[in-house]
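Undergrad: In this note's numbering, the protein residues as written are 516 to 848. Backbone N, C-alpha and C define an ideal beta-carbon position, used for all residues, glycine too. If you scroll down you'll find the structure; I have some questions about it.
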């Protein structure tokens, strides 16, 4: 199989962990060996995937969740049926999803140099990430999430979004060796460093940074519903190779600069719904992984849709995220 971007061989299918979602200590060495492995047959859920070296440049928030029958009205007091807290934010959720698909991922981020910031780093490492942190004097950004009976999440954030900067002492040079980067937060210099990766996907939420950096994105993830993630053609120069607009349960639509466009359907939930927090970020992580693996756009969107649907069935963003699994034994040559 040839890579559509390079004309060279696409990445072989391999498994990096002992169990689904487990990250081996020598993941990066395994990755480089894996490029020499023969292709293996695919299989069904959990999905069999190719070995891809992945990274996220983005933000982390410390999230407190409360499951309620309904979001309280003004002046109303409601009782939480369940509550928990863990690191969240688009950068963290996408990075963990990509790690579960790839067998490991590196998150380049900035965190508050306080109790919550250090706790967020420790818990993200426990979730399988390699975390490269620029510590900030500002307090760690946090959020409060109501999850209602329909699984919808309503979010209040507290504090400024913290993102890495190009002048932070982080191993930016490593990004030139990765297959794909998903960018959610950072300055223009951090985005330019991200562009050294083979494939670069970004969210439209940080539109001003995308405009300032002036780099070509392989894909821009926008929203057809959320005004904070709206994108109009021409806002970024050069125009992204493809703009993906999500629409939740309605799937979404994609468009290229030459006017070619298409749609994809949402994937049915693989189990009872739980909560929607992180579904869009898991979708973006799956899409980025797929594009980095050399998948056709429709296939990468399908993988993203599966990731988003799986996310909806778990408590919080990580419990039910889609994981890779070992491929079939390669055929003897």
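According to the Cβ coordinates, are residue 802 and residue 816 closer than 8 Å?
TA: In this structure, residue 816 lies closer than 8 Å to residue 802 by Cβ.
Undergrad: Taking 8 Å as the threshold (C-beta atoms), are residue 680 and residue 728 in contact?
TA: Cβ atoms of residue 728 and residue 680: not closer than 8 Å.
Undergrad: State the Cα-Cα distance for the pair residue 651 and residue 797, rounded to the nearest angstrom.
TA: Residue 651 and residue 797: Cα-Cα distance of roughly 26 Å.
Undergrad: Counting only the same chain and skipping the five closest in sequence on each side, list residues whose C-beta sits under 7 Å from that of residue 636.
TA: Taken in chain order, the residues that qualify are 626, 646, 648.
Undergrad: Excluding the five sequence neighbours on either side, which residues of its own chain have a C-beta within less than 7 Å of the C-beta of residue 806, listed in chain order?
TA: Same-chain partners within the cutoff: 695, 714, 716, 733, 734, 815.
Undergrad: Which whole runs of the beta strand (DSSP E) in the stretch 569–602 are 3 residues long or more, in chain order?
TA: As far as the stretch 569–602 is concerned, its whole beta strand (DSSP E) runs of at least 3 residues are 569–572, 576–582.
Undergrad: Helix, strand or coil: which one does DSSP assign to residue 612?
TA: If DSSP states are grouped into helix, strand and coil, residue 612 belongs with the helices.
Undergrad: How about residue 642 and residue 833: are their beta carbons less than 8 Å apart?
TA: Their beta carbons are under 8 Å apart, which means residue 642 touches residue 833 by this criterion.
Undergrad: Please determine, among 720, 731, 702, the residue with the shortest C-alpha to C-alpha distance to residue 712.
TA: It is 731.
Undergrad: Would you call residue 760 buried or exposed, if buried means 16 or more other Cβ atoms sit within 10 Å of its Cβ?
TA: It is buried - the Cβ of residue 760 has at least 16 other Cβ atoms within 10 Å.
Undergrad: Relative to the alpha-carbon of residue 644, which residue among 617, 821, 684 has its alpha-carbon at the smallest distance?
TA: Answer by Cα proximity: 617.
Undergrad: So, helix, strand or coil for residue 827, using DSSP?
TA: Note: residue 827 maps to coil in three-state DSSP.
Undergrad: Would you report the Cα separation of residue 586 and residue 662, rounded to the nearest angstrom?
TA: Approximately 8 Å between the Cα atoms of the pair.
Undergrad: Tell me, please, which residues DSSP counts as bridged to residue 768.
TA: Answer by DSSP bridge pairing, in chain order: 760, 778.
Undergrad: Just mark residue 778 as buried or exposed, buried being the case when its beta carbon has 16 or more other beta carbons within 10 Å.
TA: Residue 778 is exposed by the Cβ-count criterion.
Undergrad: How would you write the range of the beta strand (DSSP E) that residue 738 sits in, first residue to last?
TA: Element bounds for residue 738: 734–738.
Undergrad: Report yes if the CB atom of residue 835 is closer than 8 Å to the CB atom of residue 829, and no otherwise.
TA: Yes, the pair counts as a contact, with Cβ atoms nearer than the cut-off.
Undergrad: The beta strand (DSSP E) with residue 804 in it runs from where to where?
TA: Segment 794–807 is the alpha helix (DSSP H) holding residue 804; no beta strand (DSSP E) there.
Undergrad: What does residue 673 pair with, by DSSP beta-bridge criteria?
TA: Per DSSP, 657.
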